[in-house]
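In what follows, a single structure is set out as structure tokens and then discussed.
2 protein chains.
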Amino acid sequence: MRILSNSINKYIGKSISVAGWIHKLRKLGGITFVVLRDREGLLQGIVEKAEANKLLANLSTESVVEMTGKVVKEDRAPGGAELHVDKVKIISIVSEDIPVEINKKGLKANLDTLLDFRQITLRAPLQRSIFKIHSVVTNSFREYLTTNDFVEINTPKIVEEGLETGGAEMFSLKWFNKKAYLSQSPQMYKQIMVGALERVFEISPYFRAEKHNTSRHVNEFTMMDFEIGFIESWEEIMDVSEGYIKTMVTALKEKCLSELEMWNVTLPLVPKQIPRIKLSEAQAIIKKEFKHDIIGEPDLDPEGEKLISRYALEKLKSDFIFITHYPSKKRAFYSMDDPKDPKNTLTFDLLFRGLEINSGGQRMHLYEDYVKKMKSRDLKIEDFTDYLVVFKYGMPAHGGTGWGADRITQRILYLENIREAILFPRDINRLRP
Amino acid sequence: MRILSNSINKYIGKSISVAGWIHKLRKLGGITFVVLRDREGLLQGIVEKAEANKLLANLSTESVVEMTGKVVKEDRAPGGAELHVDKVKIISIVSEDIPVEINKKGLKANLDTLLDFRQITLRAPLQRSIFKIHSVVTNSFREYLTTNDFVEINTPKIVEEGLETGGAEMFSLKWFNKKAYLSQSPQMYKQIMVGALERVFEISPYFRAEKHNTSRHVNEFTMMDFEIGFIESWEEIMDVSEGYIKTMVTALKEKCLSELEMWNVTLPLVPKQIPRIKLSEAQAIIKKEFKHDIIGEPDLDPEGEKLISRYALEKLKSDFIFITHYPSKKRAFYSMDDPKDPKNTLTFDLLFRGLEINSGGQRMHLYEDYVKKMKSRDLKIEDFTDYLVVFKYGMPAHGGTGWGADRITQRILYLENIREAILFPRDINRLRP
Numbered sequence: 004m005r006i007l008s009n010s011i012n013k014y015i016g017k018s019i020s021v022a023g024w025i026h027k028l029r030k031l032g033g034i035t036f037v038v039l040r041d042r043e044g045l046l047q048g049i050v051e052k053a054e055a056n057k058l059l060a061n062l063s064t065e066s067v068v069e070m071t072g073k074v075v076k077e078d079r080a081p082g083g084a085e086l087h088v089d090k091v092k093i094i095s096i097v098s099e100d101i102p103v104e105i106n107k108k109g110l111k112a113n114l115d116t117l118l119d120f121r122q123i124t125l126r127a128p129l130q131r132s133i134f135k136i137h138s139v140v141t142n143s144f145r146e147y148l149t150t151n152d153f154v155e156i157n158t159p160k161i162v163e164e165g166l167e168t169g170g171a172e173m174f175s176l177k178w179f180n181k182k183a184y185l186s187q188s189p190q191m192y193k194q195i196m197v198g199a200l201e202r203v204f205e206i207s208p209y210f211r212a213e214k215h216n217t218s219r220h221v222n223e224f225t226m227m228d229f230e231i232g233f234i235e236s237w238e239e240i241m242d243v244s245e246g247y248i249k250t251m252v253t254a255l256k257e258k259c260l261s262e263l264e265m266w267n268v269t270l271p272l273v274p275k276q277i278p279r280i281k282l283s284e285a286q287a288i289i290k291k292e293f294k295h296d297i298i299g300e301p302d303l304d305p306e307g308e309k310l311i312s313r314y315a316l317e318k319l320k321s322d323f324i325f326i327t328h329y330p331s332k333k334r335a336f337y338s339m340d341d342p343k344d345p346k347n348t349l350t351f352d353l354l355f356r357g358l359e360i361n362s363g364g365q366r367m368h369l370y371e372d373y374v375k376k377m378k379s380r381d382l383k384i385e386d387f388t389d390y391l392v393v394f395k396y397g398m399p400a401h402g403g404t405g406w407g408a409d410r411i412t413q414r415i416l417y418l419e420n421i422r423e424a425i426l427f428p429r430d431i432n433r434l435r436p
Numbered sequence: 004m005r006i007l008s009n010s011i012n013k014y015i016g017k018s019i020s021v022a023g024w025i026h027k028l029r030k031l032g033g034i035t036f037v038v039l040r041d042r043e044g045l046l047q048g049i050v051e052k053a054e055a056n057k058l059l060a061n062l063s064t065e066s067v068v069e070m071t072g073k074v075v076k077e078d079r080a081p082g083g084a085e086l087h088v089d090k091v092k093i094i095s096i097v098s099e100d101i102p103v104e105i106n107k108k109g110l111k112a113n114l115d116t117l118l119d120f121r122q123i124t125l126r127a128p129l130q131r132s133i134f135k136i137h138s139v140v141t142n143s144f145r146e147y148l149t150t151n152d153f154v155e156i157n158t159p160k161i162v163e164e165g166l167e168t169g170g171a172e173m174f175s176l177k178w179f180n181k182k183a184y185l186s187q188s189p190q191m192y193k194q195i196m197v198g199a200l201e202r203v204f205e206i207s208p209y210f211r212a213e214k215h216n217t218s219r220h221v222n223e224f225t226m227m228d229f230e231i232g233f234i235e236s237w238e239e240i241m242d243v244s245e246g247y248i249k250t251m252v253t254a255l256k257e258k259c260l261s262e263l264e265m266w267n268v269t270l271p272l273v274p275k276q277i278p279r280i281k282l283s284e285a286q287a288i289i290k291k292e293f294k295h296d297i298i299g300e301p302d303l304d305p306e307g308e309k310l311i312s313r314y315a316l317e318k319l320k321s322d323f324i325f326i327t328h329y330p331s332k333k334r335a336f337y338s339m340d341d342p343k344d345p346k347n348t349l350t351f352d353l354l355f356r357g358l359e360i361n362s363g364g365q366r367m368h369l370y371e372d373y374v375k376k377m378k379s380r381d382l383k384i385e386d387f388t389d390y391l392v393v394f395k396y397g398m399p400a401h402g403g404t405g406w407g408a409d410r411i412t413q414r415i416l417y418l419e420n421i422r423e424a425i426l427f428p429r430d431i432n433r434l435r436p
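Just so you know, the sequences run in chain order C and Z.
Per our numbering, numbering of the first sequence is gapless, rising by one per residue and ending at 436.
Per our numbering, numbering of the second sequence is gapless, rising by one per residue and ending at 436.
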């Protein structure tokens, strides 16, 4: 039976087998020191036997081997024990040096090298730790929502027309004899599904054809969406969002402390209630506290996002802050206007350490409200028949939000570029590997 | 606080509020009988109060209302209780009749009607029950694998070249200035990820441009993939598959008995071990038991799949059966040939009630084996450099399988067409809604 690196210290004095990649190899006299890497981490093997030494002599790092031997207590080794190897069995021989060194602490490579050799650089412990965290980000979303009676759905990624054609650009393709588009959001489908299941969520890839090539944009990304019907107040959408954040941070604490430590970062701070402040108030605070004047603008600029997040952390002890009540003209047409202040909407963005990680709000639910709003924006009713039909046939008050799973991962680890939080990122210059 | 239909019988004698869609409406003298539908089911309301009656008078079905009143025990009503309504509050008025009747038991509509009006037909209790089951199919996959140390990954759906270009056709699109394809399988990426995380899985949409329009094929579908490294025997891949099936059937039993009952179907039968028989043995059994002769063919035909499944059910008490050792020439090049019988591979298909729901096996892990096999098939090494690089730099013995989540759902409920198990199916004729 194969023993994993993180539990060899339970076998001190016993003979066990381990298997993995040769992470480091050093020969000293007649002794070979092997650092072996498996999915849980690293372990040290000492090889003195002649036959085993001979087998290792011609191997490069990344060769895959099984080693059998006795576990000996050794405080300086990873895991507090090392393996005195009796026997080596070779599973896969690597005979040439790998193109990127992945066995140095921290893998110091520039972003292009990291991504050009992604198949190999993902093997570096620091790199793969990012994706353990990414999986906790998505899994805790699912866990929290499933526990709260949401049903997971799978909506199409190929669509005939886009709901937000006014906003982001879409990739088009030929679907047999028709023109089709890659979906950029499940907005229409998740609202339709409120009509059937009331509470739904989806975690799925989406696509935007925007040409900008920034550290926080890519053209294919993983979104996490939920939509909830029969809300009594639009604040419920923020309550559910907050519930997820708390579940996620608890899961990080339970499962990822060693990964956070590798990156030398602390758990995100979440207070009892994540602060919720109006855009206009946020702008006033930013001016007062930081002399950055964006009062009257329809949104926060990237600098404003950073400053209000700094304020939330320093004054309110929170790494998260909801900014609410964005102006109607800057939000999608389906947003519900605030009945008390119709120039603004019942919408919010959630900022996490200076970066927007979700955007959401209450949607209109009456057919006549859609017709009125769409006319005022010169949108053609007949372009949206598949969507509008659900409002014609009865919809409850509802709302939801969409989250960037890659962005959340990026901010947990303070990664400079979102591409670091995506296994195989896609942008205007990158389609491979 | 809103009470859901499935728990009103806990409030007998008390005053509560419920909310939902008007599923049925019947007036009898001065009394209105309302059947209200919410996400949990149906409940009956009796309205005698004049004001409430007046409010209901002009409503069509599918209007959304909140009703407040007293719960009274009534054995003939759904849930064993009914609501004597004092007050009605209208959330959304429907003023025209819906295009498809969704309040008859079973929603008898043909497939085209069902799909053309999908936004509305999904509201029918029988229809939405399909997707509660679909969510259990995917969720138990995730649950089983996460518990067994697999990491969930998100791989790109836009690729520059296809790994299985010899097989299914791919949709192409313009990605800025390049040609790209919609991914038809995560095969390359999940194998790469074995090199980094050893055990990975993904649940995601994939696309195949095949023109066939059958009851078990669509062009966009939800696949569930896993891949596992450091296997000691290829049978481990079937062991993991079996573990998932058992987890899934247990979850159906715990969460979906009422949905199964609506469809009048029984839980799938799973014996202690799901039978595993070689293709050649299956063909011999099919000939002997059913006089259907496909001996020597490289696969089972649809009739053969049905017959061997019938045999598995009748003789082995199993709704599932693994067919193993498919001929090398019929399986993808990355399949591992059986060292004891190199004309055949260490691969399998899993049949569920007559339908193939997964396909998998052990993959080759040595670079030289890939080169040799690809040369023998006239595949160009240089077309696969992104893939082959991982084998050059050390891979363990590994394998995995890909599951059709929609097909599993289809077979659980004995649905005639796979489109019934997909929220918004996509095929050569269908891009909407």
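We treat Cβ as the ideally placed atom computed from N, Cα and C, and that holds for glycine.
In the structure shown, Arg-422 (chain Z) adopts helical secondary structure according to DSSP, grouped into three states. Lys-135 (chain Z) belongs to the set of residues whose beta carbon lies under 8 Å from a beta carbon in chain C.
Between the stretch 313 to 322 of chain C and the stretch 330 to 343 of chain C, the count of C-beta pairs closer than 8 Å stays below three; the two stretches do not touch. In this structure, the beta-carbon distance from Pro-330 (chain C) to Pro-301 (chain C) falls below 8 Å. A contact is defined here as three or more CB-CB pairs under 8 Å, and the stretch 256 to 275 of chain Z fails this definition with respect to the stretch 145 to 163 of chain Z. In the DSSP assignment, Tyr-209 (chain Z) falls within the unbroken beta strand (DSSP E) covering 202 to 210. A straight-line Cα-Cα distance of about 14 Å links Arg-42 (chain Z) and Ala-400 (chain C). Look at the beta carbons and you see the stretch 361 to 368 of chain Z not touching the stretch 379 to 389 of chain Z: under three pairs across the two are nearer than 8 Å. In this structure Tyr-184 (chain C) is buried. Its beta-carbon is surrounded by 16 or more other beta-carbon atoms within 10 angstroms. Across the set Z:Gln-47, Z:Asp-372, Z:Lys-256 and Z:Phe-427, the C-alpha of Z:Gln-47 shows the shortest separation from the C-alpha of Pro-81 (chain Z). With contacts defined by Cβ atoms closer than 8 Å, Leu-358 (chain Z) and Glu-308 (chain Z) form a contacting pair.
Contact of Ala-183 (chain C) with chain Z by beta-carbon distance below 8 Å involves Leu-434.
Within chain Z, the residues whose beta carbon sits less than 8 Å from that of Thr-158 (chain C) are Leu-426 and Phe-427, listed in sequence order.
Within chain Z, not a single residue places a beta-carbon under 9 Å from that of Ile-360 (chain C); the smallest gap is close to 16 Å. In this chain, the beta strand (DSSP E) harbouring Arg-366 (chain C) covers 358 to 366. Segment contact: the stretch 235 to 242 of chain Z against the stretch 171 to 190 of chain Z, fewer than three CB-CB distances shorter than 8 Å; contact not assigned.
Lys-52 (chain C) has its alpha-carbon roughly 9 Å from the corresponding atom of Gly-33 (chain C).
Within the stretch 6 to 91 of chain Z, complete alpha helix (DSSP H) segments of at least 4 residues are found at 53 to 60, given in chain order. Distance from the CA of Leu-45 (chain C) to the CA of Arg-131 (chain C), rounded to the nearest whole angstrom, comes to 13 Å.
Membership of Ile-288 (chain Z) in the alpha helix (DSSP H) is indicated by the continuous run 282 to 293. Glu-163 (chain Z) sits in coil when the DSSP states are folded into three classes, being neither helix nor strand. By the CB criterion at 8 Å, Ile-289 (chain C) and Leu-310 (chain C) fall inside the cutoff.
Taking 9 Å as the upper bound on Cβ-Cβ separation, chain Z lies near residues Tyr-396, Gly-397, Met-398, Pro-399, Ala-400, Ala-408 and Asp-409 of the stretch 396 to 418 of chain C.
Residue pairing by DSSP puts Val-154 (chain Z) in a beta bridge opposite Z:Val-203. In the structure shown, Glu-146 (chain C) adopts helical secondary structure according to DSSP, grouped into three states. Against chain Z, the CB of Asn-216 (chain C) has no partner CB under 8 Å away; the residue lies outside that interface. In this chain, the alpha helix (DSSP H) harbouring Thr-253 (chain C) covers 238 to 258. Within the same chain, Ser-132, Lys-135 and Ile-136 come within 7 Å of Glu-262 (chain Z) by CB-CB distance, once the 5 residues on both sides are set aside.
Against chain C, a Cβ distance below 7 Å from His-368 (chain Z) picks out Ser-95. By a beta-carbon distance limit of 8 Å, Gly-246 (chain C) does not contact Glu-201 (chain C). Their separation comes to about 17 Å. With contacts defined as CB atoms closer than 8 Å, Gly-405 (chain C) and Asp-228 (chain C) qualify as a contacting pair. Partner residues in the beta bridge of Met-226 (chain C), as assigned by DSSP, are C:Ser-207 and C:Gly-407. In this structure Arg-219 (chain Z) is not in contact with Gln-187 (chain Z), their Cβ atoms being roughly 16 Å apart against a cut-off of 8 Å.
For Leu-316 (chain Z), the enclosing alpha helix (DSSP H) has its first and last residue at 305 to 319. For the stretch 106 to 134 of chain C, the beta-carbon criterion of a distance under 7 Å to any beta-carbon of chain Z is satisfied by Gln-122, Ile-123, Leu-125, Arg-126, Arg-131 and Phe-134. Judged by pairs of C-beta atoms under 8 Å, the stretch 16 to 34 of chain Z touches the stretch 72 to 87 of chain Z, as three or more such pairs exist.
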